[in-house]
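Its first residue numbered 1150, the sequence shown is counted upward by one per residue in the numbering used here.
No residue lacks a Cβ here, since even glycine has one placed at the ideal position from N, Cα and C.
Inspection log for the structure reproduced underneath, given as C-alpha cells.
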Amino acid sequence: MELLNAQLDQRVESRTQEILQTNLFLDQAHRELKLQFLSAVKVFSNLLEMRSPHMGGHSRRVAELARWLARDMDVPEHEVNDIYIAALLHDIGKIGLNDHTLFTPIADLDGESRAALMKHPIKGQSTLMGLSELHGAARLIRHHHERYDGQGFPDGLIKNTIPRGSRILAVAEDYDELQQGWLAAKKLTEQEAMEFVQSASGKRYDPDVIAALPSALEKLKAAPREDERLLEVDALKPGMVVMRDLISPEGLLLVAREGVVTPHLIEHLQQPNHREHRVRVYVHKTRTAPYARPKESTR
C-alpha cells in the first residue's frame, strides 16, 4: 500500500511539473505575441509620420502622455493598453487628407475641408475593426474628439458617456497639437498649452483628466522614452539629436529639444562646473543630423 501511494505521489508530482512547464511555455508565447502585436501597431502608427515630416513623433508623444494620465488616474492596466494603442493610431483616419486640411486650425478651414477632417475618427475606427484585438482601441479613436460639454463630434456624447480612454486621449492629443501650432494661430509653449487645456476643464475636457495632467507630465519627463537614451557627457558624439531641452545648472537653455550635439557643446559640457553637477543628456537612440562644423582659420 505504501509503495502504491508513493507511486501515485510521484505521478501526481510529475504531472504537476508538466502542467507548470506547459504554463511557462504558454506565458512565454503569449508575451512574444503581445510584443509582435505592439510592434505591428507601431508600424501602423508610423504611416502618418511617413506621410508628412510635420507629424514626426506626434503619435508617440500623445501615446506616452495618455499612458501616464491613465496610470495616474488608476485605470486598470488592460484599459491602459487600449488607451496606449488608440493613441498611437488615433490619426490613422487622416491618411488621404492633404497638408492644408491636416495642419490648418479647424476654425480656419472651409466647410468642405472641415467636413473631411471631422470624418477621420469614424474612418479610423472603421480601419481597425477588421482586427478583433483592436476593437477596444477603435472605439476610443471614434470618440476622441467628443467634448465633455457634448459639443464634440462625431456623436455628440456628453460627460461620462464618452469612454474614459477617449477623454484621456483628447487631453493628451490637444496638449501636444497646441505646441505644434495645429489648433491655434501660433505654436504655444508647454506652459501656454497647459493653461489652455486647464481653462477648458469642464467644457472641452474632463476635469478629472485635467487634474491628473501636471502629475502625469512630471512623471513623463522623468521617465526614459522608447526612442531615447540618457548619456554622460563623455559618451556624446557630434550629430546626435537632443530629445529634451538641456538646461544648465544655472537654469540657462544650452540646447533645445531637436537640437544637434556639436563639438562646441561637448567641449562646453566638459567644463568643471558641468562636471561637478554631472550633467547628462537625452539623445535619440538612432537618429543623427548634420551640424555646422567650425570653419578652419586661413591665417
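Within the DSSP secondary-structure output, residue 1432 pairs in a beta bridge with 1378 and 1391. The Cβ-Cβ distance between residue 1302 and residue 1327 does not fall below 7 angstroms. Proximity to residue 1222 across 1405, 1361 and 1387 peaks at 1361, based on C-alpha coordinates.
By the Cβ criterion, the region 1258-1270 is not in contact with the region 1212-1230, since fewer than three pairs of Cβ atoms, one from each stretch, lie closer than 8 angstroms.
With contacts defined as CB atoms closer than 7 angstroms, residue 1240 and residue 1314 fail to qualify as a contacting pair. By the C-beta criterion, the region 1369-1378 is judged not to be in contact with the region 1395-1403, since fewer than 3 inter-stretch pairs fall below 8 angstroms. Leaving aside the five residues that flank residue 1333 on each side, the residues in its chain whose CB is nearer than 8 angstroms to its CB run, in chain order, 1254, 1327 and 1345. Out of 1428, 1434, 1311 and 1352, the CA that lies nearest to the CA of residue 1407 is found in 1434.
Out of 1262, 1220, 1277 and 1249, the CA that lies nearest to the CA of residue 1242 is found in 1277. Residue 1397 carries a coil assignment under DSSP once its states are collapsed to helix, strand and coil. When secondary structure is reduced to three states using DSSP, residue 1324 falls in the helix class.
Counting the other CB atoms within 10 Å of its CB gives residue 1295 a total of 16 or more, which places it among the buried residues.
Measuring C-alpha to C-alpha distances from residue 1388 to each of 1413, 1374 and 1306 identifies 1413 as the nearest.
Around residue 1266, the same chain offers 1250 as residues with beta carbons nearer than 6 angstroms, after the five sequence neighbours per side are excluded. DSSP, read as helix, strand or coil, puts residue 1253 in coil. Around the beta carbon of residue 1292, 16 or more other beta carbons sit within 10 angstroms, so the residue counts as buried.
Taking 8 angstroms as the upper bound for CB-CB distance, residue 1354 and residue 1297 are in contact here, some 6 angstroms apart.
Judged by DSSP in its simplified three-state form, residue 1338 adopts coil rather than helix or strand. Here the C-alpha atom of residue 1264 lies approximately 17 angstroms from the C-alpha atom of residue 1331.
For the set 1300, 1428, 1248 and 1309, the Cα lying nearest the Cα of residue 1395 is the one of 1428. For the pair residue 1418 and residue 1356, the Cα-to-Cα distance works out to about 42 angstroms. Annotation for residue 1277: the continuous alpha helix (DSSP H) segment containing it runs 1269-1277.
Taking 7 angstroms as the cut-off, the Cβ atoms of residue 1404 and residue 1385 do not count as close. Nearest in C-alpha terms to residue 1392, of all of 1376, 1382, 1383 and 1336, is 1376. Around the CB of residue 1274, 16 or more other CB atoms lie within 10 Å, so the residue is classed as buried. Contact annotation, residue 1320 with residue 1218: C-beta distance approximately 7 angstroms; criterion of less than 8 angstroms satisfied. For residue 1404, there is no enclosing alpha helix (DSSP H); the residue is part of the beta strand (DSSP E) that begins and ends at 1402-1404. When secondary structure is reduced to three states using DSSP, residue 1411 falls in the coil class, being assigned neither helix nor strand.
Cβ-Cβ separation between residue 1342 and residue 1324: approximately 5 angstroms, consistent with a contact (criterion under 8 angstroms). By alpha-carbon distance to residue 1432, the top candidate from 1284, 1390 and 1261 is 1390. In the same chain as residue 1380, and ignoring 5 residues on each side of it, the C-beta atoms closer than 7 angstroms to its own belong to 1429, 1430 and 1432, in chain order.
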